[in-house]
Amino acid sequence: MVSPGEFRLIDALLEDGAFEPDVDEDGSVSYDAVAQLLDDPDDEPSAVLEQFATRGVLNDEFVSKVYVCPDCATEGLQYTTVCPACGDPRAVETAVIEHVCGHTGPESEFESEDGYRCPDCEQDLESVDIEKKHRYSCRACPESFDVPDDRLRCRECESLFPPLETIERVLYRYSLTDEGEAWLEHQRAARETAAAVLEERRFETEIDTVVDEGSRPVHVLAEDRLMGDRRIVAISETPEAETVDAFAAFAESVDAHPVVVTTSGTVQREVAERAERSELTVLAFDESGEGSLVPEYETTDSVGGHRTGLFQRLTAALEVPSRGSRQ
1 MVSPGEFRLI DALLEDGAFE PDVDEDGSVS YDAVAQLLDD PDDEPSAVLE
51 QFATRGVLND EFVSKVYVCP DCATEGLQYT TVCPACGDPR AVETAVIEHV
101 CGHTGPESEF ESEDGYRCPD CEQDLESVDI EKKHRYSCRA CPESFDVPDD
151 RLRCRECESL FPPLETIERV LYRYSLTDEG EAWLEHQRAA RETAAAVLEE
201 RRFETEIDTV VDEGSRPVHV LAEDRLMGDR RIVAISETPE AETVDAFAAF
251 AESVDAHPVV VTTSGTVQRE VAERAERSEL TVLAFDESGE GSLVPEYETT
301 DSVGGHRTGL FQRLTAALEV PSRGSRQ
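Here the sequence shown is numbered in full-length UniProt numbering, starting from 1 and rising by one per residue.
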C-alpha cells in the first residue's frame, strides 16, 4: 500500500525532474528533498526510493559511492594508507637515495653541509653517484616500501578497515520513468474518483490530509458532520492483508469507516474475506470510460501470484451504513 507521503514523493517528480543525493562535508549522505515530502510513519528516503526503482516507477542513475563503518555505521569514511608490515597509518612518502655502495635510505640521512655524504661508507657524493627515488617509510617501524596498503578510516570511532571490509553504498539520482508517470496518473485518478464519489454522497472530502490533528495522513478523508459519519480511503495496487489490517485498526481508532481501493483490480484473498465479515469496504478502480469505482475485483493468494477468480461484492459502491445506524 503506497502511503500518502510516498504518493506525494512521486508526484513531486513531475515538476522537480530528479532527486539528487546530498553529501555533507562530514561525508554523510541524505535525500533532503525526499525527507521533506515523506511522513513520520514512512521508511527512510533511500529505502523508499530504492523500492520504487525496483518496481520500475523510478529510474536510478549511478552518481557515486560512499563507504560505511561496519562498527558504528558512520558514513563517509576517509581514505588513508598504512604500512603493510605493521598496519600503522604513519606511512609517509619520502625521497630515498640509493648509493652505488649499496646503501639506501631517506634523503635526509645523506644530507651534509657540503652536499651529500653516504652515512654507510662516509663517501662524499656527487649527483652522478646517487639515484633518487620516492618510497614510503614507516614512522612506527623500520619498514620501507614502494606501495602502502589501502585503508578507510572512520571519523567517529577512528577504526581502520580494508575497503572490502566496509559497507559500500551506491548513490543514485532518481527520476520518473515513463511507466512511473503512467502509474502515477492511474493512482491519482483513483484517488480523485474516490473523493468525487463521496462528494456525490454529500460528504465533505479532503485529499492527502490527516484525520485528526497529530494522526497519520490518509489519501482521502470524507466526513458527514450532520450524520456524524466519517470515512477514510486508502489507494493501493494490490491490497495486502497485513497493511489492510493496520489501516482498518487505524480507522477504528479515529472512529472512521475504512475504504480500500485497488488500482489493479486484485486483492489478497484474506482481504476479500475480511471485507465480508467486518466493517471494511473494498472497491476496484475501473479506468475505462470516465473512470469509476466498482464492487467487483479478483482475488489472489499472494501479491504477484496467480489470480484465482472474480469476487463479487454484494454491497453497492460506498453504500455502507452510517455510524449512527450500525448495530
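Cβ coordinates follow ideal geometry from the N, Cα and C atoms, glycine included.
Just so we're clear, the structure is a prediction, and the values are computed from it rather than from any experiment.
Assigned exposure category for residue i - 16 Cβ within 10 Å defines buried
| i | result |
| --- | --- |
| E61 | exposed |
| T300 | buried |
| T54 | exposed |
| S278 | exposed |
| V48 | buried |
| G305 | Low confidence applies to G305: its pLDDT is 47, below 50, so where it sits in the model is not reliable, and the reading given next is rough at best. By the neighbour-count rule (16 or more Cβ atoms within 10 Å), G305 is not buried but exposed. |
| I232 | buried |
| Q268 | buried |
| C118 | buried |
| E319 | Confidence at E319 is low in this model, with a pLDDT of 49, below 50, so the placement of that residue should be treated as unreliable; the coordinate-derived value is given next. That one is exposed. |
| P162 | exposed |
| residue 329 | Outside the shown range of the chain (1 to 327) lies residue 329, about which nothing can therefore be said. |
| A95 | exposed |
| A249 | exposed |
| L3 | Per the sequence presented here, residue 3 reads as Ser, with Leu not at that position. That one is buried. |
| R151 | buried |
| Q187 | buried |
| L125 | buried |
| V282 | buried |
| L9 | buried |
| F7 | buried |
| L164 | exposed |
| V34 | buried |
| G214 | exposed |
| V147 | exposed |
| G228 | exposed |
Reference residue i, options the options, closest by Cα
| i | options | result |
| --- | --- | --- |
| E287 | A194, T205, P258 and P217 | A194 |
| C141 | C86, P163 and Y116 | C86 |
| P41 | G180, A246 and R230 | A246 |
| E131 | Q36, P106, T238 and A249 | P106 |
| A234 | V170, L280 and S64 | L280 |
| Q78 | S28, L14, L58 and D22 | S28 |
| C72 | T166, R8 and G291 | T166 |
| L160 | T104, E179 and T74 | T74 |
| L134 | E143, A275, A18 and I97 | For clarity, residue 134 is His in the given sequence; the question names Leu instead. The shortest C-alpha separation from H134 is found at I97. |
| R173 | E20, D16, E113 and E6 | E20 |
| V218 | V259, A189, A241 and D224 | V259 |
| E270 | E242, V197, L293 and S30 | E242 |
| L14 | D178, E113, A272 and T104 | D178 |
| P239 | E273, E223 and I207 | E273 |
| E185 | D11, G5, M1 and E6 | D11 |
| E298 | D43, Y67 and T266 | T266 |
| V170 | V23, A18, T104 and G115 | V23 |
| V261 | L198, V210 and C157 | L198 |
| P84 | R153, T104, S144 and R155 | S144 |
| V68 | R155, L38 and R216 | R155 |
| L221 | A251, E122 and E109 | A251 |
| R153 | G214, V66 and S215 | V66 |
| H99 | A190, E111 and D146 | E111 |
| R216 | V63, E168 and L38 | L38 |
| residue 340 | V294, R201, E168 and S253 | Since the first and last residues shown for the chain are 1 and 327, residue 340 lies out of range. |
Distance CB(residue i)-CB(residue j) smaller than 8 Å
| i | j | result |
| --- | --- | --- |
| D32 | V82 | no |
| E276 | A284 | no |
| W183 | V92 | no |
| E255 | R230 | The question names Glu, but residue 255 is Asp in the sequence shown. Yes, the Cβ-Cβ distance between D255 and R230 is below 8 Å. |
| C138 | D120 | no |
| T263 | E237 | yes |
| E223 | E204 | yes |
| G17 | S175 | yes |
| P89 | T80 | yes |
heavy atom of the ligand SAM below 7 Å from residue i C-beta
| i | result |
| --- | --- |
| V23 | Absence of the ligand SAM from the depicted structure is noted, as is the absence of any ligand whatsoever, leaving it without description. |
Where the beta strand (DSSP E) through residue i begins and ends
| i | result |
| --- | --- |
| V259 | H257 to T262 |
| Y106 | Reading the sequence as shown, one finds Pro at residue 106 and not Tyr. Segment T104 to P106, the beta strand (DSSP E) holding P106. |
| T266 | T266 to Q268 |
| S292 | S292 to V294 |
| D286 | T281 to D286 |
Where the alpha helix (DSSP H) through residue i begins and ends
| i | result |
| --- | --- |
| D301 | Taken as a continuous stretch (DSSP letters only), D301 belongs to no alpha helix (DSSP H), as it is neither H nor E. |
| D16 | P4 to D16 |
Please list the segments of the beta strand (DSSP E) lying wholly inside the stretch 196 to 241, counting only runs of 3 or more residues, in order along the chain.
204 to 210, 217 to 224 and 229 to 236
With a floor of 3 residues, list each beta strand (DSSP E) that falls wholly inside the UniProt domain "Thaumarchaeal output" (28 to 176), ordered by position along the chain.
58 to 68, 78 to 82, 91 to 99, 104 to 106, 115 to 117, 130 to 138, 149 to 153 and 167 to 176
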